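**Q** Below you will find the structure I want to go over with you.
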Amino acid sequence: MEGSFFEHQQKHIAALKESIRFFSGPNKFEREKWVVRQLLSALGVAHRESEIIQGCEPADVSFRDARFQVKEIMQFNDSERRLRMREYEQELERVKAATPSQDLSKLTPYRGVTWTCPVSVDSLTFGQGGLA
Numbered sequence: 000m001e002g003s004f005f006e007h008q009q010k011h012i013a014a015l016k017e018s019i020r021f022f023s024g025p026n027k028f029e030r031e032k033w034v035v036r037q038l039l040s041a042l043g044v045a046h047r048e049s050e051i052i053q054g055c056e057p058a059d060v061s062f063r064d065a066r067f068q069v070k071e072i073m074q075f076n077d078s079e080r081r082l083r084m085r086e087y088e089q090e091l092e093r094v095k096a097a098t099p100s101q102d103l104s105k106l107t108p109y110r111g112v113t114w115t116c117p118v119s120v121d122s123l124t125f126g127q128g129g130l131a
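When the letters of the sequence shown are read in order and numbered with numbering that gives the first Met the number 0, they come out as residues 0 to 131.
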């Protein structure tokens, strides 16, 4: 049983480290491109990676003639200010320090983020090549 604990622990550590890398400041543009890729895929718009490029302010990302400004909104209440990176770093330290007598599946999972788009999908228009 201990072998499976350590395997699970190492996988959990690797996943947390990848999340910290993904959400880091230097990776901001890659996150924004990821959001646009997900939107295009959900809309069924065929695209090449080379078409998703850095936008000119105020846009974060450009795709053909479309411009996107990506905004992350973290949920919190009046008594709690959420700091995603701190949450991931604290979780990483807790998982690293875990022992076989602790159940890693009962550690507090990350509560997630919400990605929003200020326009509805129905308001988007399409031309011959996709979004117009």
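Every residue, glycine too, gets a C-beta built ideally from N, C-alpha and C.
Computed from a predicted model, the values in this text were never measured in an experiment.
Rounded to the nearest angstrom, what separates G43 and R63 at their Cα positions?
**A** Between the alpha carbons of G43 and R63 lies a gap of roughly 15 Å.
**Q** Quick check on the DSSP output: the alpha helix (DSSP H) that includes S23 runs from which residue to which?
**A** Note, S23: premise wrong, no alpha helix (DSSP H); not H, not E.
**Q** What first and last residue would you give for the alpha helix (DSSP H) that runs through Q89?
**A** 83-96
**Q** Can you tell me which of the three DSSP states A13 falls into?
**A** helix
**Q** Which value, in whole angstroms, describes the spacing of the CA atoms of H46 and L39?
**A** 8 Å
**Q** Out of S100, Y87, A41, T98, which has the shortest C-alpha to C-alpha gap to E17?
**A** Y87
**Q** Where does F62 sit, in a helix, a strand or coil, going by DSSP?
**A** When DSSP states are grouped into helix, strand and coil, F62 belongs to the strand group.
**Q** What is the DSSP secondary structure of Q68, reduced to helix, strand or coil?
**A** coil
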